[in-house]
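**Q** Taking mature numbering (1 follows the signal peptide of the UniProt record, and there is no 0), I'd label the letters of the sequence shown as residues -19 to -1, 1 to 162. Quick reminder that beta carbons are idealized off the backbone N, C-alpha and C, glycines included.
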Amino acid sequence: MKVQIIAAILVGIACAVFAAPSVDTSILKVFETKESANIIISFKHANTASIRRSARTLNFTDRTQRIQYLYDNLKKHADETQGNVLGLLSNHQTACSIRVRQIWITNEVSIKNANKGLVEELLKRDEILQIAEEKIIPLSKPTSTVVHPEGYQPKADEAWGIVTIDAPAVWATGNKGQGVV
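(1) So, I32 versus L67, is the Cβ gap smaller than 7 Å?
(2) Can you tell me whether I118 is buried or exposed, with buried defined as 16 or more other CB within 10 angstroms of its CB?
(3) For A30, is the classification buried or exposed, using 16 other Cβ atoms within 10 angstroms of its Cβ as the cut-off for buried?
(4) Using DSSP bridges, identify the partner residues of A113.
(5) Excluding five sequence neighbours on each side, which residues of the same chain lie with their C-beta closer than 6 Å to the C-beta of L51?
(6) On the DSSP bridge list, what partners appear for V81?
(7) Give the C-beta separation of V101 and K25 to the nearest angstrom, bearing in mind that I take them to be a contact with Cβ-Cβ under 8 Å.
(8) Where does I118 fall in DSSP's three states?
(9) Quick one: using the 10 Å Cβ neighbour count with 16 as the cut-off for buried, is I86 buried or exposed?
(10) Taking only beta-carbon atoms, is I143 less than 7 Å away from chain E?
(11) Taking only the alpha-carbon atoms, compute the straight-line gap between E131 and V151 and give it to the nearest angstrom.
(12) Over what stretch of residues does the alpha helix (DSSP H) that includes K97 continue unbroken?
(13) Can you confirm whether the stretch 81 to 96 touches the stretch 8 to 21 when touching is taken to mean that 3 or more C-beta pairs between the two stretches lie within less than 8 Å?
(14) By the 10 Å Cβ neighbour count, where 16 or more other Cβ atoms means buried, how is Q134 classified, buried or exposed?
(15) What first and last residue would you give for the alpha helix (DSSP H) that runs through K39?
(16) Helix, strand or coil, according to DSSP, for W152 in the structure here?
Right, dumping it as C-alpha cells:
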C-alpha cells in the first residue's frame, strides 16, 4: 500500500514538472544584464491549425466570408485560452510600463519591457506553454541588379525595366512597337 502511495506521489510530481512552462535560457541571460526584456508567450492548446483546416473544408461564397470566419474563430480561441493571462497583464500594465499585444493568429502574446518579476509570475500559470525572448531578424538590404550599358542615361519619363529588356537596342533598329495590335 505504501509503495502505491509513493508511486502515485512520484507520478504526480513528474506530471507537474513536465506540465510546467519552459523558459528560453536566453531570457534568463537578459535579466542578468538588463531590467526588462521583450517576450513572447505561447499557450498550451493553441489549436490554430485545426481552425485553419476547418476553413479549408467549409464552402464560402467568397474570400471575404472565409477571412471573416478565420478572424472570428482565431480571435475567439485566443480570447478563451489567453483570458486569465491577459487579465493578469492588464493589472501589470497600469502599474508598470509594459505594452501587451495579443497575437490571435498564432495564439501568442507579445509583451514589451517585461521585468523578471513578471516573468516569474507568468511561469506559475498552467495555460502557458513557453516564454521566450522576442527575436528580431534584420532584413537584408536590397541590391541593385540592373546593369546599364556604358554611357546610357535613363530618361526621367522612362518606365522602369526598359534597359533590363534591352529596349533601346530594339528602338535603334527603328522598331518602336507601333502598329503591332
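**A** Taking the coordinates as given:
(1) In this structure, L67 does not lie closer than 7 Å to I32 by Cβ.
(2) Exposed, by the Cβ-count rule.
(3) Of the residues assessed, A30 falls on the exposed side of the cut-off, its CB having fewer than 16 other CB atoms within 10 angstroms.
(4) According to the DSSP secondary-structure assignment, A113 is paired through a beta bridge with I21.
(5) Excluding sequence positions up to five before and after L51, its CB lies within less than 6 Å of the CB of A36, all in the same chain and listed in chain order.
(6) In DSSP, V81 forms a bridge with I92.
(7) The question names Val, yet the displayed sequence has Glu at residue 101. The Cβ separation is near 19 Å, so there is no contact.
(8) It is coil, neither helix nor strand.
(9) Taking all protein chains in view, the Cβ of I86 is surrounded by fewer than 16 other Cβ atoms within 10 Å, so the residue is classified as exposed.
(10) Among the chains in the structure shown there is no chain E, since it carries only a single protein chain.
(11) Per the coordinates, the alpha-carbon of E131 lies some 17 Å from the alpha-carbon of V151.
(12) Secondary structure note for K97: its alpha helix (DSSP H) is the uninterrupted segment 97 to 103.
(13) Taking 8 Å as the limit for Cβ pairs, the verdict is that the stretch 81 to 96 does touch the stretch 8 to 21.
(14) By the neighbour-count rule (16 or more Cβ atoms within 10 Å), Q134 is not buried but exposed.
(15) The residue you asked about is not Lys; residue 39 is Leu in the sequence shown. L39 -> no alpha helix (DSSP H), and no H or E assigned at all.
(16) W152 falls in the helix class under three-state DSSP.
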